[in-house]
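Our numbering applies: residue 81 is where the sequence shown begins, and numbers increase by one. Positions of the beta carbon are idealized from the N, C-alpha and C atoms, including for glycine. Notes follow once the structure below has been shown.
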Amino acid sequence: MAQILKFPSKKIEPVTIRSRLKHRISVEILDDVRPRRTRWIVQFEIQEAAGYDALKGFKDAAVAVGYRHRFWVSGTHPLRQFLAETAGLVATGKVALWVDGVRVQPRIKRSA
């Protein structure tokens, strides 16, 4: 007779995004292998969501010393779009995100 193994399930709470005029986002690059490439990808998504003014201070030297970049996004739709575009980086552990002071938990990345 076979024994059925039970593994503990980890239910990750999704981030609740409230409708607001502005949202505060913090980004930290955790990638040790290619931090410049990861910063460039995140930089592109930041400028799409919040504009070029939000990139002030987000440089390679700042990322190398562990700088956590903070910026504002106006509206809920650009925030949801930003989170959707960076979800892969969060799931692989290359980027840490905080929205309005709450850390975005990564969804488990599954491969087929």
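Backbone secondary structure at residue i - three-state DSSP
i	result
phenylalanine 162	helix
isoleucine 97	coil
phenylalanine 124	helix
leucine 169	helix
leucine 110	coil
Distance between residue j and residue i (C-alpha atoms, nearest Å)
i	j	result
leucine 177	valine 107	5 Å
arginine 100	alanine 142	29 Å
glycine 181	tryptophan 120	23 Å
alanine 164	aspartate 112	23 Å
aspartate 133	valine 179	19 Å
proline 158	glycine 168	17 Å
alanine 129	glutamine 123	10 Å
proline 186	isoleucine 97	15 Å
glycine 155	phenylalanine 138	22 Å
isoleucine 126	valine 145	20 Å
Beta-carbon contacts of residue i that lie in its chain and below 6 Å, excluding the five residues immediately before and after
i	result
arginine 116	Asp140
Contact belief for residue i with residue j at Cβ below 8 Å, rounded distance in angstroms
i	j	result
leucine 110	lysine 174	6 Å
valine 153	valine 170	About 16 Å separates the two Cβ atoms, so there is no contact after all.
Three or more C-beta pairs under 8 Å: does that hold for the segment 97 to 111 against the segment 145 to 156?
The segment 97 to 111 vs the segment 145 to 156: in contact.
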